[in-house]
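According to my numbering, the sequence shown is numbered sequentially starting from 19. The beta-carbon is built from N, C-alpha and C at its ideal position, and this holds for glycine as well. This report refers to the structure that appears directly beneath it.
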Amino acid sequence: MKTEINPKETKRAFAFDMWMTAPMPMVTLVKTMDVSRLARLSKKTGVKFNTLMCWCIGKTSSKTEELHLLPENGKLYQYDQIAINVVVRNRKGGINSCDIPYSEDMQQFNRDYMELTTKVAAECQSSFLDGYMIVGTSAMIQTELDCVVNQYTDKFLNPMVMWGKYRKSWFKTLLPVSFQFHHVQMDGGDAARFLERLQQTILSI
Numbered sequence: 019m020k021t022e023i024n025p026k027e028t029k030r031a032f033a034f035d036m037w038m039t040a041p042m043p044m045v046t047l048v049k050t051m052d053v054s055r056l057a058r059l060s061k062k063t064g065v066k067f068n069t070l071m072c073w074c075i076g077k078t079s080s081k082t083e084e085l086h087l088l089p090e091n092g093k094l095y096q097y098d099q100i101a102i103n104v105v106v107r108n109r110k111g112g113i114n115s116c117d118i119p120y121s122e123d124m125q126q127f128n129r130d131y132m133e134l135t136t137k138v139a140a141e142c143q144s145s146f147l148d149g150y151m152i153v154g155t156s157a158m159i160q161t162e163l164d165c166v167v168n169q170y171t172d173k174f175l176n177p178m179v180m181w182g183k184y185r186k187s188w189f190k191t192l193l194p195v196s197f198q199f200h201h202v203q204m205d206g207g208d209a210a211r212f213l214e215r216l217q218q219t220i221l222s223i
């Protein structure tokens with residue numbers, strides 16, 4: 019559910035006054051993650067690596083207070099549900115968006131992921147959820163990337179997690195992850211802690 023709240027009654031009051039009307043309020047942090055556990059689990063279970071990555075993002079986001087808040091049209095809203103948006107390559111060679119509701123049950127999330135993305139790919143039509151806090155993702159696995167900086171647009175102020183192809187070494191599988199967020203939503207320190215918690219989620223899956 020989406021509820022409008024008074025920013026002055028939140029700890030984001032100062033940030034709201036400072037950054038709500040800023041022409042470039044988006045910030046990007048990059049952290050290299052150890053995703054060895056995800057890569058092994060994907061190979062063992064047959065669940066796509068990107069599905070596991072999205073589940074970890076959903077789990078971490080659901081426990082991050084700031085990621086339940088979103089500025090929009092000069093107002094601040096609070097959400098009680100999280101969904102992950104993925105970019106889907108459709109059957110015509112184009113792309114569409116697909117929102118997947120986060121579930122604590124990884125198997126349920128995987129079923130929803132496969133069912134919804136398959137439908138979007140076949141119908142070439144984006145699928146969106148209302149009343150959910152949407153955490154965007156974009157996986158560009160065609161090549162290894164050091165960093166991704168997304169375009170800034172007032173049509174999408176949601177947080178965005180982006181990555182490329184993971185890198186294998188003798189002992190670890192590493193993945194640089196870019197995290198873009200609106201400064202009203204959180205400060206740099208909050209974002210750094212989110213990335214650290216995401217790493218811990220990945221290591222403990």
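Reduced DSSP category for residue i - H, G, I as helix; E, B as strand; rest coil
{"i": "G92", "result": "coil"}
{"i": "R129", "result": "helix"}
{"i": "S247", "result": "Not covered by the structure: residue 247. The range shown for the chain is 19 to 223."}
{"i": "V65", "result": "coil"}
{"i": "A101", "result": "strand"}
{"i": "V166", "result": "coil"}
{"i": "L147", "result": "coil"}
{"i": "S187", "result": "coil"}
{"i": "V45", "result": "strand"}
{"i": "V53", "result": "coil"}
{"i": "H86", "result": "helix"}
{"i": "I23", "result": "strand"}
{"i": "L193", "result": "strand"}
{"i": "D205", "result": "coil"}
{"i": "T28", "result": "coil"}
Any non-hydrogen atom of the ligand ZN closer than 7 Å to residue i Cβ
{"i": "P25", "result": "The ligand ZN is absent from the structure shown, which contains no ligand whatsoever."}
Distance CB(residue i)-CB(residue j) smaller than 8 Å
{"i": "N114", "j": "V138", "result": "yes"}
{"i": "P194", "j": "C165", "result": "yes"}
{"i": "I159", "j": "L56", "result": "no"}
{"i": "L47", "j": "A209", "result": "yes"}
{"i": "A140", "j": "N68", "result": "no"}
{"i": "N168", "j": "M180", "result": "yes"}
{"i": "N30", "j": "L94", "result": "Here the sequence assigns Arg to residue 30, which means Asn is not the residue at that position. Taking 8 Å as the Cβ cut-off, R30 and L94 qualify as a contacting pair."}
{"i": "S54", "j": "K173", "result": "no"}
{"i": "W37", "j": "H201", "result": "yes"}
Identified DSSP bridge partners for residue i
{"i": "S156", "result": "M180"}
{"i": "N114", "result": "V106"}
{"i": "Q217", "result": "Beta-bridge pairing links Q217 to no other residue."}
{"i": "H200", "result": "M44"}
{"i": "T171", "result": "F174"}
At least 3 beta-carbon pairs within less than 8 Å: the segment 97-104 vs the segment 66-85 | With a cut-off of 8 Å, the segment 66-85 and the segment 97-104 count as touching, because enough Cβ pairs lie within range.
Stretch pair the segment 34-48 + the segment 57-65: three plus CB contacts closer than 8 Å | At 8 Å Cβ cutoff, the stretches do not touch.
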